[in-house]
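Q:
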Amino acid sequence: MIDIRHISLPLTDDVVRSLKIGDSVMLSGCMYTARDAAHKRMIEGLDHGRELPFDIQNQTIFYVGPSPAKPGQIIGSAGPTTSYRMDPYTETLLDIGLKGMIGKGLRSQAVIDSIKKNTAVYFAAVGGAAALIAKSIISKELVAYEDLGPEAIYKLEVENFPVIVVIDCLGNCLYD
Amino acid sequence: MRSIDTITIKNTVKLLFIQSSYDIGDTMLGMLGKAKENEDNDTARYVLDQIIENDLIARNDQVPMCQDTGIAVVFLEIGNEVCFTGKPIEDAINQGVREAFEEAYLRKSIVDDPLFLRKNTNDNTPAVIHYEFTRGGNVRVTIAAKGFGSENMSQIRMMKPADGVEGVKSFVIECVRKAGPNPCPPIVVGVGIGGSFEKAAILSKKALTREIGERSEDREYRELEIELLNELNSLGIGPAGLKGKTTCLAVHINHFPTHIAGMPVAVNIGCHAYRHATTKI
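Residue numbers (our numbering), protein chains in the order written: chain A, 1 to 176; chain W, 1001 to 1281.
1) Using Cβ-Cβ distances below 8 Å, what residues of the stretch 62 to 96 of chain A are close to chain W?
2) Report the rounded CA-to-CA distance for THR119 of chain A versus ASP55 of chain A, giving the unit in angstroms.
3) Would you say HIS1130 of chain W lies against chain A (beta-carbon separation less than 8 Å)?
4) In terms of DSSP beta bridges, what is LEU1076 of chain W paired with?
5) Whose C-beta lies closer than 8 Å to the C-beta of VAL121 of chain A among residues of the same chain, with five residues either side of it excluded?
6) Is ILE138 of chain A closer than 8 Å to ALA34 of chain A when the C-beta atoms are compared?
7) Could you check the C-alpha separation between ARG5 of chain A and SER24 of chain A for me, to the nearest Å?
8) Could you tell me if ASP95 of chain A is buried or exposed, where buried requires 16 or more neighbouring beta carbons within 10 angstroms of its beta carbon?
9) Helix, strand or coil for SER1021 of chain W? Go by DSSP, reduced to three states.
10) For ILE1057 of chain W and GLY127 of chain A, what's the separation of their Cα atoms in angstroms?
11) Examine chain W for any beta-carbon lying closer than 8 Å to the beta-carbon of GLY171 of chain A, and answer yes or no.
12) Which term fits VAL1165 of chain W, buried or exposed, when burial requires 16 or more other beta carbons within 10 angstroms of its beta carbon?
13) Note the first and the last residue of the continuous beta strand (DSSP E) segment covering ASP1005 of chain W.
14) Could you please tell me which residues of the stretch 1100 to 1113 of chain W, in chain order, have their CB closer than 8 Å to any CB of chain A?
15) Helix, strand or coil for GLU51 of chain A, going by three-state DSSP, please let me know.
16) Counting only C-beta atoms, is GLY149 of chain A closer than 8 Å to chain W at any point?
17) SER24 of chain A versus chain W: which residues are under 9 Å apart at the beta carbon?
18) For chain W, find out if any of its Cβ atoms is closer than 8 Å to the Cβ of VAL163 of chain A; answer yes or no.
19) Terminal residues of the continuous beta strand (DSSP E) containing LYS117 of chain A?
20) Taking the C-alpha atoms as reference points, what is the distance between VAL967 of chain W and ARG1219 of chain W?
21) If we define contact as Cβ-Cβ less than 8 Å, is GLU1291 of chain W a contact residue for chain A?
22) Give the secondary structure of HIS6 of chain A by DSSP, where H, G and I count as helix, E and B as strand, and everything else as coil.
23) Spell out whether any CB of chain B is found under 8 Å from the CB atom of TYR175 of chain A.
24) Skipping 5 residues on each side, what residues in its chain have a beta carbon closer than 8 Å to that of ASN148 of chain A?
25) Measure the C-alpha to C-alpha separation of TYR1131 of chain W and PHE123 of chain A and round it to an integer number of angstroms.
26) In whole angstroms, what separates the C-alpha of CYS1248 of chain W from that of ASP47 of chain A?
27) Could you check where the beta strand (DSSP E) with GLN1155 of chain W kicks off and where it finishes?
28) For SER83 of chain A, which residues of its own chain have a beta-carbon under 8 Å away from its beta-carbon, when the five flanking residues on both sides are left out?
29) List the residues of chain W that LYS20 of chain A touches, going by C-beta distances under 8 Å, in chain order.
30) Identify which residue in W:ASN1233, W:ARG1059, W:VAL1188 and W:GLU1053 has its Cα closest to the Cα of GLU1214 of chain W.
31) If you draw a straight line from the C-alpha of ARG1107 of chain W to the C-alpha of THR1121 of chain W, how long is it?
32) Taking the CB atoms as reference points, tell me whether LYS982 of chain W and PHE1256 of chain W lie closer together than 8 Å.
33) Output needed for THR1258 of chain W: all residues of its chain with C-beta closer than 7 Å, excluding positions within five of it in sequence on either side, in chain order.
34) Under DSSP, the beta strand (DSSP E) around ASN1268 of chain W begins and ends at which residues?
35) Tell me whether the beta-carbon of ALA134 of chain A lies closer than 8 Å to the beta-carbon of GLY171 of chain A.
36) Please list, in chain order, the chain W residues whose beta carbon lies closer than 9 Å to that of VAL158 of chain A.
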């Protein structure tokens, strides 16, 4: 059997420092959703001197574009999308306080270096386990960019959201 | 001649997309279960457990197994004794896709212009449709709901005849190695060999609509499928790319005659959420 750690969000530097690649973790607390179009809009906003639509300090972003919720569901299926597409925007967000990212797949060396520099962490959720992951999401609140549909930014409250540490704050990468 | 009202095609397309988005099927569940037994790494088993549990939730709750419910790809094989009545066939197919994605709460992931505005069409149309003309009085409808995590990792290469079997093998292996964890392993690999540039790509996509693990009818290609499967699994990428013995569940190769000067090879990668279905009307 696998050892599973239970961690609360938002993350703290102490918690981030204690996480090592390969650790299986259950996350509980709040996180924000954002993927391709939301990242592009956030970074373009920053470039024009506008603030982000949420306080990013110590927060975790989940790269996801959920399917529509059926009547009675909080959220539709919600698995991670492939992370490398967010790489061009990630260093900027880490530099202003982003602590954790949840996605799947490889990251660029620049992102790995920035994770190390900013004492952050990159978790992988199991790609395609979207119906299972949705069960751990207990509330969903629209934050910004509603016009982007599945790519809008939502604040999620989660309980026992399953992830694995893939890049730790020392810059180790489990995929290597 | 046999008359078929295209409303039948619309209803079939709709049903196939809904069913395949919710239900992975017993063959795939069996393969995932076997893969789990075969793994001795705890993380690999943990990941496969999550995938199996996920697929059972999707089936029982009738929800999409993956939030990326894909671009709608439809292959239509039309017998020469069939004549369609009713709405134009393309409209019927797109209406089937529209109704499936709306009524079954599937994610609409299609943007109208690929480069500039990238505005969502909000109904997951248009579908990518491939028409084939065959003999007889039937129509075969085959669909694939293709997620882009794996689609983005696919490649095509115009190889030289001299590259031979070894060349094809190294290309497929290189493609899967480079994709690593990105396409949601364990994957299914569709390979198209021959034809022209675009034909090879279509062959590889069609190969991904085969029932999982169904082998090529040609002995040499069948052997190559098995050899490639073993080599891909020896890469050690593993479930979710977190190491293990199960990187690939099946390799399907489709082939077609080609030009004396070339050997186009396309590698289309499919994720473990292997959503496809076929039926004869």
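Think of the CB as a built atom: it goes at the ideal place given N, C-alpha and C, for glycine as much as any other residue.
What you are looking at is a predicted structure, and each value in this text was computed from that prediction instead of being measured.
A: This is what the structure holds:
1) VAL64, GLY65, PRO66, SER67, PRO68, ALA69, LYS70, GLN73, GLY76, SER77, ALA78, GLY79, THR81, THR82 and TYR84
2) 18 Å
3) no
4) W:TYR1131 and W:VAL1141
5) LEU11, VAL16, LEU19, LYS99, GLY100, MET101, ILE115, VAL165, ILE167, ASP168 and CYS169
6) no
7) 6 Å
8) exposed
9) helix
10) 15 Å
11) no
12) exposed
13) 1002 to 1005
14) TYR1105, LEU1106, ARG1107, LYS1108 and SER1109
15) coil
16) yes
17) ASP1042, THR1043 and TYR1046
18) no
19) Looking at the DSSP string, LYS117 of chain A is not in any beta strand (DSSP E); the run it does join, the alpha helix (DSSP H), is 109 to 117.
20) Nothing in the structure corresponds to residue 967 of chain W, since chain W is present only between 1001 and 1281.
21) For chain W, the structure presents residues 1001 to 1281; residue 1291 of chain W sits outside this window and is missing.
22) strand
23) In summary, chain B is missing from the structure at hand, where the protein chains are A and W.
24) The displayed chain sequence assigns Leu, not Asn, to residue 148 of chain A. The answer, listed in chain order, is ALA37, ALA38 and ARG41.
25) 43 Å
26) 43 Å
27) 1155 to 1159
28) TYR63, MET101, GLY103, LYS104, GLY105, LEU106, ARG107 and TYR122
29) Simply none; closest approach about 13 Å.
30) W:VAL1188
31) 11 Å
32) Since the displayed chain W opens at 1001 and closes at 1281, residue 982 of chain W lies outside it and no answer follows.
33) GLY1194, GLY1195 and PRO1264
34) 1263 to 1270
35) no
36) Under the 9 Å cutoff, chain W gives no residues; its nearest Cβ is about 15 Å from VAL158 of chain A.
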